[in-house]
Structure formats: structure tokens, C-alpha cells
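Q: Right, I'll just put the structure down here and ask away after.
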Amino acid sequence: MSTNILFGDKVMLRALEPGDLELLYRWENDTEIWNISETLSPVSRFILKRYLENAHKDIFTTRQLRMMIQRTDNDQPVGTIDLFDFEHFHKRAAVGILIAEKSERRKGYAGEALELLKSYCFGVLKLHQLFCSITVDNASSLELFRKAGFEVTGTRKEWNWTGDGFTDEYFLQLFREG
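Next up, the structure:
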């Protein structure tokens, strides 16, 4: 493995590029994942282009950072990993991850990407904690984050509307060791 903390054996985390526009457009407009991302309407190419034009701004300014998860063996992007709700003063940030390409799921890419992100957050950004929210019925995400060391520290009752009723959501946290 490289000593670059953004490079793993299977994936690397990289900055967004202008050439990612069409891929992000497809992923952001995939209605099958809107319930996870809490999206209610399509995203235009125009808005995504503007987003990409500003993606170079640092996390201290925007309070968020999105990186592409790219396979190391063929340079193919398979998803994104996000930091958001970044609070420099409190040394914490929320994490979101998506392996958008269904054929690339369950291959260890998300787990390795999450480990790389943890190293970046705790080693470079010097954060104290990472956190995320996962619906109680999302077993694969719960497994992923628990394997990465996150612990369920709370439950938000009837937090998300599903169309058929409300569902609970877990709140998970991971603290930097030492």
C-alpha cells in the first residue's frame, strides 16, 4: 500500500474533476437512492457544473467535501464519499458514502474508502469525531459503519417518512483514539 493516505489497495479517494459531470448527473438523478440522500427532485447539469466549478474550495469555507471513490486497478469511479456538517470548532463532521454502480457493491470498496477517509479526517483535519445517520432497515450500511468502528449512540424515533409510514434512524459516532 502507498504511504499516500488517500490511496488504498482497491480504491483511491480523489478530488472532483470537470469530467465527472455526466457521471454525477446520472448518480444524483437515480431515483432509487433518493430516499437515502433525502433528495426530492432532479438535479440539473447546470447546477452540477456550478458545483464542480466550486469544488476546489476548502472544507473550512464550504463545511463540506465530496471525493470520488475510484478503483485503483482501472481508474473507474464507483461512487462518492462525503464529509458534511463540518464543524471545525467542535472537530467533527458527518459522513456519507455511496457506491453508485450496483455492479461494484459488496466488493470492499466502501469499507476501504471509509478507512481512507478516517485516516484523512483524524490525521490531516485532526477531527475528534465522525458521525452518520442510518435508517434501521439499512443493514448493509449498518454493517459497513460498525465494521469501521462506528457505534450506535442513539435512535431517532419515526424520523424518516417512507411513503408507507415513518421509520426509525440510528445515530452512529466514531471517536479518534488517543
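Per this note's numbering, residue 992 is the first one in the sequence shown, and the count goes up by one each step. Ideal Cβ placement from N, Cα and C applies to all residues, glycine included.
1. Output the distance between the C-alpha atoms of L1172 and S1132, rounded to the nearest integer angstrom.
2. With a 10 Å radius around its C-beta and 16 neighbouring C-beta atoms as the bar for buried, classify F1157 as buried or exposed.
3. Measuring CB to CB, does A1084 end up less than 7 Å from L1105?
4. Tell me where the beta strand (DSSP E) around S1124 begins and ends.
5. So what's G1102 in DSSP terms, helix, strand or just coil?
6. To the nearest whole angstrom, what separates the beta carbons of T1063 and M1003, a pair I think is in contact under 8 Å?
7. I'd like to confirm the pairing. Which residues does DSSP put opposite Y1161 in its beta bridges?
8. Which residues does DSSP list as the beta-bridge partners of A1084?
9. In three-state terms, what does DSSP make of D1011?
10. Roughly how many angstroms lie between the CA atoms of E1160 and H1047, to the nearest whole one?
11. Give me, in chain order, the residues of the same chain whose beta-carbon lies closer than 6 Å to that of S993; leave out the 5 immediate sequence neighbours on both sides.
12. Once you ignore the five residues that flank H1119 on each side, which residues in its own chain have a CB closer than 8 Å to its CB?
13. Looking only at its chain, what residues have a beta carbon closer than 6 Å to the beta carbon of D1076, apart from the 5 residues adjacent to it on each side?
14. Based on Cα-Cα distance, which residue from R1054, T1144 and L1039 lies nearest to D1073?
15. Does DSSP put V1002 in a helix, a strand or coil?
A: On the basis of the coordinates in this document:
1. Coverage of the chain is limited to positions 992 through 1169, which leaves residue 1172 absent and any answer about it impossible.
2. Numbered from its first residue, the sequence shown carries residue 1157 at position 166. Exposed, by the Cβ-count rule.
3. Position 93 of the sequence shown, counting from 1, holds the residue named residue 1084. Position 114 of the sequence shown, counting from 1, holds the residue named residue 1105. Cβ atoms of A1084 and L1105: not closer than 7 Å.
4. Locating residue 1124 in the sequence shown gives position 133, where the first residue counts as 1. Note, S1124: beta strand (DSSP E), Q1120 to T1126.
5. Here the question's residue 1102 lines up with position 111 in the sequence shown. Reduced to three states, the DSSP call for G1102 is helix.
6. Residue 1063 sits at position 72 when you count from the first residue of the sequence shown. Residue 1003 sits at position 12 when you count from the first residue of the sequence shown. At roughly 6 Å, the Cβ-Cβ gap stays under 8 Å, so T1063 and M1003 are in contact.
7. The residue labelled residue 1161 in the question sits at position 170 within the sequence shown. In the DSSP output, where bridge partners are listed per residue, Y1161 has I1125 and T1146.
8. Indexing the sequence shown from 1 puts residue 1084 at position 93. Per DSSP, the beta bridge partners of A1084 are L1121.
9. Against the sequence shown, residue 1011 aligns to sequence position 20. For D1011, the three-state secondary structure derived from DSSP is helix.
10. By one-based count along the sequence shown, residue 1160 stands at place 169. By one-based count along the sequence shown, residue 1047 stands at place 56. For E1160 and H1047, the distance between alpha carbons rounds to 32 Å.
11. Position 2 of the sequence shown, counting from 1, holds the residue named residue 993. Any reading at S993 needs caution, since the residue's pLDDT is 48, under 50, leaving its predicted position unreliable; the model's value is listed next. The beta carbon of S993 is closer than 6 Å to none in its chain, skipping five residues each way along the sequence.
12. Mapped onto the sequence shown, residue 1119 falls at position 128. Counting only Cβ-Cβ distances below 8 Å, and skipping sequence neighbours, we find H1081, K1082, R1083, F1166 and R1167.
13. Translated into positions along the sequence shown, residue 1076 becomes position 85. So the list reads A1085, once near-sequence residues are dropped.
14. Indexing the sequence shown from 1 puts residue 1073 at position 82. Comparing Cα-Cα distances from D1073 to each of R1054, T1144 and L1039, the minimum goes to R1054.
15. Within the sequence shown, numbered from 1, the residue matching residue 1002 stands at position 11. If DSSP states are grouped into helix, strand and coil, V1002 belongs with the strands.
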